[in-house]
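Novice: The opening residue of the sequence shown carries number 5 in the working numbering; numbering runs sequentially from there.
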Amino acid sequence: MGGFGFHLVLQDKTGRGLDVPETLDTLRRWRDAGGTHASVGTMYRGYTTADAHVDFLTDVKQRLDV
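1) Is it true that the CB of arginine 49 sits closer than 9 angstroms to the CB of alanine 56?
2) Who are the Cβ neighbours of tyrosine 51 in its own chain at under 8 angstroms, not counting the five residues just before and after it?
3) Which word fits threonine 62, buried or exposed, when buried means at least 16 other C-beta atoms lie within 10 angstroms of its C-beta?
4) Any idea which residues DSSP pairs alanine 42 with across the strands?
5) Please list the terminal residues of the continuous alpha helix (DSSP H) segment that includes arginine 49.
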């Protein structure tokens with residue numbers, strides 16, 4: 005399967021949702037384990053606007069050291 009990467013879909017359905025530091029920690033551990041791709045879901049976090057979902061993802065992206 006050479007040439008294929010590993011993809012993580014990070015979706016927390018507990019209703020609490022991982023906060024930004026927890027999300028970053030999970031993504032970094034995934035990368036360190038050889039993960040090459042990741043998707044971060046923003047559903048089930050209690051956000052009431054599309055902007056809140058985008059703000060969360062923007063914060064994660066800005067703080068992620070890639």
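By construction, the Cβ of each residue, glycine as well, lies at the ideal position given by its N, Cα and C atoms. For clarity, every value in this text was computed on a predicted model and none was experimentally measured.
Specialist: So, from the listed chains and residues:
1) Taking the first residue of the sequence shown as 1, we reach residue 56 at position 52. Taking the first residue of the sequence shown as 1, we reach residue 49 at position 45. Yes. Within cutoff.
2) Taking the first residue of the sequence shown as 1, we reach residue 51 at position 47. Around tyrosine 51: His57 and Phe60.
3) Along the sequence shown, one-based indexing puts residue 62 at 58. Counting Cβ neighbours within 10 Å, threonine 62 comes out exposed, since fewer than 16 surround it.
4) For the purposes of this step, residue 42 is taken as the residue at position 38 of the sequence shown. For alanine 42, which the question treats as bridged, DSSP gives the partners Leu12.
5) The residue you call residue 49 lines up with position 45 of the sequence shown. Careful: arginine 49 lies outside any alpha helix (DSSP H) and carries neither H nor E.
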